[in-house]
Structures are given as C-alpha cells and as structure tokens.
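Taking it in order: structure first as structure tokens, then the write-up.
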Amino acid sequence: MTLAAGRGLWCCHAMTKDAQTPTFTTPQGREIAYHLTQGTGPTVVFLGGFKSDMGGTKAVYLEDWARAQGRAYLRFDYSGHGESGGAFTDGAIGDWFEDACAALTLTDGPLVLVGSSMGGWISLQVARAMPERIAGMVTIAAAPDFTEDSMWGGFSDAQKAELMAGQVALPSEYGEPYIITRRLIEEGRNRLVLRDPLPLPFPVRFLQGTADADVDMSVALRLLDHAQGPDMRLTLVDGADHRFSDDTCLKLITDAVTDVLQTATDKG
C-alpha cells in the first residue's frame, strides 16, 4: 500500500484482490475502487447512478471514447456500489457526495462532470462545493432531490410508517428490490439542490429521454428552469428510456461532452 502522490495525499492506495482495480481510502475511511485514464485535460469524470457501478455501459463507453481522444478520464464506484467497500444500505447521498469529492482529488486541473441519474444530483452538489474546478457538465436523466421528491413524496402512509421504523423495500426493474433506509431519506434532506439558488457558471448539457419511467421529463424541465447559468441546454430524446445506453444515446453523450469541452476551451 502506497501513499498517493499529488493532490490526494491523504488517500491510501492499494490494489483489490484481483490485482486489477486500484482503490483508495477516503478521509471517512471508505474504500473506493476507481479507474483513471491519463490524458489531456480537462478530465472527464463519470458519476454513476443509484445502485449502478463503473462497469456499466455508459461509463465504459466513455472510457473507450476518452482513450481514443487522448483525454484524461475517471470512473469510480461509490461506497456500497460495485467494487468499492461497504454495504449499500449503510450509505446515503452525503456519503456518496463525499466519495465523489475524494475521488476528484486523484485528478488535477479542470473537470467536466458527466452525471447519470443520481450522479447528476451529486454532480450538482460537487459544482456547488468546488465551482472553481468545474469546466463543464453533462447530465443524463439527472435525478436531483429524488429521495425527497420521488421516494418520500411518492410513498403511501404505510410505506412511510415502515420506513420510519427502519427501512422499506421498493421493487426494481433492474433486479432485486431496492432497500430504502430511513437514513437515506433523512440525510438526503441536507443535500437538496432545487430549493436554493443553483448557479452553474459553465457550459451545461442536460440529456433526458421522453420514455424514462424512473425520472420524469418534468424533472429535467424543473432543473433547467431552476438552475442559473449562461450556457445551459436541454436535449429531449423521443422514446429514450432511463438507461440511455443504445447507440444513438451513447453518441449523444459523447457529442455533448465534446461540445462542452470545446466551449470550455474556447472560453479559456
């Protein structure tokens, strides 16, 4: 185990048991797995969704694209997700925001954040916390404040009572049920971004499918209306679902990232 060089001097680096995926330990003691591709900046960073991982289609596609472009790129798993340590049910939005902030210390210079679903919410929190490092942002079916507006706001009285007793299970199209904990809901109320001013002083491209059954199109419209920035655009893709991972959607993602990088470079 070696001490990280550069920005993240407090991160202890090691290799996972398969000797392929590097990890580091956050200041809070959580082990985070990641893949960092060296290249020119700004570094593109993929922030995944709720219960997703860095081995997903979009994250890997972007890595392949970044390699072909000679672009620096980072993907990682939040604690309790993918190859990172910890139990999913122990985590909350603030923990995963802290994980993201810790992962960003592995990079230098400006960043373009690509946030998918919950990763869009976390990207917005990161931009609020460290605006000086953000050169641009692309979100894919961003789900800001979903623990409050979608989960808690959509629960029946019985589900709310069950949750307040500890946790509630929600069905999922992606496999086993989601276990939603009381801490996830209550801690999420400290992380909301749609209740206060949300300045985004850099190029932003919001991508949203019209057939998304998990994040309604109205969320994208609300985010566009609420955020404040000089260069924000929303692209609605007819018939695209929450995965946003077919060939057409994947090209739209890299086109948006390219646009943001070019715009940021021209302004710089």
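Here my numbering is used: the first residue of the sequence shown is 916, the next is one more, and so on. Idealized CB from N, CA, C, for every residue including glycine. Since this is a predicted model, take the numbers as computed values, not measurements.
DSSP state of residue i mapped onto helix, strand, coil
i	result
F1061	helix
R945	coil
T936	coil
A1171	helix
L1107	coil
T917	Low per-residue confidence applies at T917: pLDDT is 24, beneath 50, and the placement is therefore not dependable enough to give any value.
W925	Note on W925: pLDDT 28, under 50, position unreliable in the model; no value is reported.
M930	With a pLDDT of 37 at M930, under the threshold of 50, the predicted position of this residue should be treated as unreliable, though the coordinate-derived value follows. In this structure, M930 counts as strand in the three-state DSSP scheme.
Proximal residues to residue i (C-beta, below 8 Å), its chain only, five neighbours per side dropped
i	result
I947	T938, F939, T940, T941, F991, D992, Y993, S994, S999, G1000, D1014, A1017, A1018
A1171	V1053, R1120, L1122, T1150
E1063	I1100, G1103, R1104, L1107
G1154	G1124, T1125, A1126
T936	M930, A948, Y949, H950, E998
Residue burial classification, residue i (beta-carbon count within 10 angstroms, cutoff 16)
i	result
P1112	exposed
S967	buried
K973	buried
P957	buried
R945	buried
E1047	exposed
G1035	buried
M969	buried
T1163	exposed
A1073	exposed
A1002	exposed
Same chain only: Cβ atoms within 6 Å of residue i, ignoring 5 sequence neighbours per side
i	result
E1077	V1083
M1033	G964, F965, A1058
A1142	L1113, L1115
Y976	L1165
D1129	H1157
F961	A974, L977, R990, V1029
Residues near residue i by beta carbon distance below 7 Å, same chain, minus five either side
i	result
D1005	G995
S1087	Y1093
R986	G954, T955, V959
I1095	M1066, L1078, Q1082, V1083, L1085
R1098	A1007
I1037	L962, W1011, F1012, A1015, G1030
S1160	T972, K973
T952	E978, A981, R982, A987, Y988
Given residue i as reference, the closest of the options once Cα atoms are compared
i	options	result
P1116	G956, V1027, T936, L977	V1027
L1039	R1106, L1085, P957, Q943	R1106
L1138	A987, A1056, D1023	A1056
D1131	V1152, D1174, M1147	V1152
W980	L1165, T1180, D1072, G1035	L1165
M1147	A1080, T1178, T1163, L962	T1178
P1145	G1030, S1071, K1182	K1182
F1012	S1160, G997, R1043	R1043
D1023	V1029, A1050, D1010	A1050
G971	Q984, W1036, G997, L1109	G997
G1173	D1140, L1136, M1045, P1118	It should be noted that the sequence gives Thr, not Gly, for residue 1173. For T1173, the nearest C-alpha among the options comes from P1118.
D1060	K1075, Q984, G1009	G1009
R982	V1175, T1169, F1003	T1169
Q1180	V1041, P1025, A1080	In the sequence under discussion, the amino acid at residue 1180 is Thr, which differs from the Gln named in the question. The shortest Cα separation from T1180 among V1041, P1025, A1080 belongs to P1025.
L1109	V1134, G1090, F1070	V1134
**Request:** Identify every run of the beta strand (DSSP E) within the stretch 1109-1168, keeping only runs that are complete inside it and at least 3 residues long; order them along the chain.
**Result:** Runs found: 1119-1124, 1147-1152.
**Item:** Secondary structure, alpha helix (DSSP H): runs of 4+ residues fully inside the stretch 993-1064
**Value:** Those alpha helix (DSSP H) runs which fall completely within the stretch 993-1064 and span 4+ residues are 1008-1019, 1033-1044.
**beta strand (DSSP E) runs wholly inside the stretch 1069-1094, at least 3 long, in chain order** = Along the length of the stretch 1069-1094, whole beta strand (DSSP E) runs at least 3 residues long occupy 1082-1087, reported in chain order.
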